[in-house]
Every structure is written in C-alpha cells, then in structure tokens.
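Since the structure comes first, as structure tokens, the remarks are kept for the end.
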Amino acid sequence: MVAVRRCLCSGKARLSKAFVQLVRFGWAQALSCVFPVVIFASLALTKLVPLPLLPRYDWLLVICLLMQWWMVRSGLETRDELKVITVFHLIGLALELFKVHMGSWSYPEEGYTKLFGVPLYSGFMYASVASYLCQAWRRLKVELVRWPPFGLVVPLAAAIYVNFFTHHYWIDVRWWLAGLVILVFWRSWVAYEVGGIRYRMPLVLSFLLIGFFIWIAENIATFFGAWQYPNQAKAWSLVHVGKVSSWVLLVIVSFLIVATLKQVKGKSAADTIANDEQQALRTGQ
Numbered sequence: 014m015v016a017v018r019r020c021l022c023s024g025k026a027r028l029s030k031a032f033v034q035l036v037r038f039g040w041a042q043a044l045s046c047v048f049p050v051v052i053f054a055s056l057a058l059t060k061l062v063p064l065p066l067l068p069r070y071d072w073l074l075v076i077c078l079l080m081q082w083w084m085v086r087s088g089l090e091t092r093d094e095l096k097v098i099t100v101f102h103l104i105g106l107a108l109e110l111f112k113v114h115m116g117s118w119s120y121p122e123e124g125y126t127k128l129f130g131v132p133l134y135s136g137f138m139y140a141s142v143a144s145y146l147c148q149a150w151r152r153l154k155v156e157l158v159r160w161p162p163f164g165l166v167v168p169l170a171a172a173i174y175v176n177f178f179t180h181h182y183w184i185d186v187r188w189w190l191a192g193l194v195i196l197v198f199w200r201s202w203v204a205y206e207v208g209g210i211r212y213r214m215p216l217v218l219s220f221l222l223i224g225f226f227i228w229i230a231e232n233i234a235t236f237f238g239a240w241q242y243p244n245q246a247k248a249w250s251l252v253h254v255g256k257v258s259s260w261v262l263l264v265i266v267s268f269l270i271v272a273t274l275k276q277v278k279g280k281s282a283a284d285t286i287a288n289d290e291q292q293a294l295r296t297g298q
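Printed below as a string of structure tokens:
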C-alpha cells in the first residue's frame, strides 16, 4: 500500500513538473510570437473597424513600422536581430512581387503604399517569421547538434528559394528538395532549454511543426483579408493543405539563413575572444 502511494505521489510530481515546463515553454513561445500576434490582431482590427484617413493596407504598414520600432526600443529585439529581419523583409517582398505578378494570390484592396499590386506591409509577414526564430533562439538558448557543412546548407537554401520562382516556368522540384532536406539533416538535432533543463528534437520534425502552425496562421490571415487566393475571391475557404509543403520549405530557408548567420557570428565572437586572450598574454609577457 505504501509503495502504491509513493508511486502515485511520484506520478503526480512528474505530471506537475511536466505541466510547469509546458507553461514555461509556452510563455517563451508567446514572447517570441509578439510580432506575429500584433500583425494578426491588426488584420482583425482593421477588418472589423475601418480606420479613418488612410486605406487599410497603409494603416497595416504604419502599425508594423511602429511595432518594429517599439520592439527594438524596448529591448525585445536586438539590433542584430533587426538586421536579420530586414533581410527577410526584402526576401519576402521580392517573392510577393513575383507571386502576385504570376496570379498566385492578390491584394484586392486599395492602398497608397502598394508596389506593383503588393502592399509594402506584406514583407513584415515574412519578417515576423524571422522575428519569431531569432527570439525563440535567444530565449530557449537553441544549439544545433550535428549541423551540416556550410557548403551543403547554403546551396540547399538557395535552391529552395529559387524553386518558388522557377516552378512557374519549369517543373516543380519541391519534393526532390524536401528529400534532400531529409538526407542532409537526418542526423541533425535542435537542442533547447526550458527552466534550466535541456531538451532536443529532430531538426526535420521542427521544420514540419513550424510549417504546419504557419499554415494555420495563414488561414487566419486570409480570413481577415491579409491577401486572397483565387479560390477565395467570392467567399473565404480553407487554404489548401498542400500549402503546408510550401510553408515548410520557406521555414527551412528562414531557419537555414538564421542558423548560418548565428554560426558565422558565433565563430566571429570566438575568434575575437581568442585574439583578445593572445593579446593579453603578449602584454603580460
């Protein structure tokens, strides 16, 4: 009887600890998602409550700019992270310009800050993904285990991004690229920390999970009129589940860019420390 009670107490303690860790993990994720949440909230607000003076797309750009400024000003985002996010903004905007030109989706509302049919706020939706990755990386103390060589990672990321353009003129090789991702990252893990305890997850699984949740976010975004697919012109409908593969590939590109920059910066910091130590030794002698 005593053994049973001990077992029950031990089980309750484990469940309690797991729940606390889940809450800590959720809180870290929530803080990392501040930028995307503000974008979704702004989409909903401007859809339900028309704002004066400016068209909706222009207000969304103003809100995104103010949010970006506040995040850096408040310390939620570092200046280095801002540089990474700016790169993603430009990458995303280039993709948007091409896809809208090809008729993949559209932005039917009016706006002063539209460039070739694409509102400039759209780049912030891609930037918000980079913002999440950078902040989650910092808060969860992410480390990469068995990361592939630089010479494999960069060409793979470039090929995935280029395929978003070339598949309109040539065959779509996304599934071949997905197979390459599995081969290249099969032995790679992402390690992270929650409440002082280290965990790890297969890197490919993390790609799938992030891509799936972005697909859910995409459904919310299209519901509030962030953009519009051709089949949503008359009435909103669920985004085709096949889009998950596109988001997974885009997440992979985003993750590889962030990871590569983190690796380069880490190596640079390590070299600086080593040089300082050598200089200190020479001075001491």
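The letter at position 172 of the sequence shown is residue 185 when you use the working numbering, and the numbering goes up by one with no holes. Here a beta-carbon is modelled for each residue, glycine too, at the ideal position from N, C-alpha and C.
Beta-bridge pairing by DSSP links Pro132 to Lys127. The residues Leu169, in chain order, have a CB closer than 7 Å to that of Leu193 in the same chain once the five nearest residues on each side in sequence are set aside. Close CB contacts of Phe178 within its chain, under the 7 Å cut and outside five residues either way in sequence, are with Phe111 (chain order). Taking a cut-off of 8 Å for Cβ pairs, the segment 78–89 and the segment 109–124 do not touch, as fewer than three such pairs fall below it. Look at the beta carbons and you see the segment 97–106 not touching the segment 153–160: under three pairs across the two are nearer than 8 Å. Boundaries of the beta strand (DSSP E) around Met214: 210–215.
In this structure, Tyr242 is the residue among Arg92, Tyr242, Leu274, Gly209 with its C-alpha nearest to the C-alpha of Glu109. Taken through DSSP and simplified to helix, strand or coil, Ala149 comes out as helix. Counting only runs of 3+ residues, the beta strand (DSSP E) found wholly inside the segment 151–219 occupies 156–158, 202–207, 210–215, in chain order. According to DSSP, Ser119 shares a beta bridge with Gln241. In the DSSP assignment, Trp83 falls within the unbroken alpha helix (DSSP H) covering 69–87. In this structure, the alpha-carbon of Leu222 lies about 18 Å from that of Trp40.
Of the residues Arg151, Met214, Gln34, the one whose Cα lies closest to the Cα of Lys275 is Arg151. Secondary structure at Trp228: helix, using DSSP grouped into helix, strand and coil. Taking C-beta atoms as the reference points, Arg213 and Trp202 count as a pair closer than 8 Å. Just so you know, the alpha carbons of Thr91 and Gln81 end up roughly 11 Å apart.
For His253, the three-state secondary structure derived from DSSP is coil.
One alpha carbon belongs to Pro68, the other to Ala204, and they sit about 44 Å apart. In the three-state reduction of the DSSP assignment, Val62 falls in the coil class, being assigned neither a helical nor a strand state.
For Glu109, the enclosing alpha helix (DSSP H) stretches over residues 92–114. In this structure, the beta-carbon distance from Ala234 to Leu58 does not fall below 8 Å.
One Cα belongs to Trp228, the other to Tyr145, and the distance between them is close to 15 Å. The closest CA to that of Gln148, considering only Leu190, Ser29, Val97, is found on Val97. Residue nearest to Val186 within the set Cys46, Tyr134, Ser258 is Ser258 (criterion: CA-CA distance).
Taking the Cα of Glu231 as reference, the smallest distance to any Cα among Val167, Tyr125, Ser141 is reached at Ser141.
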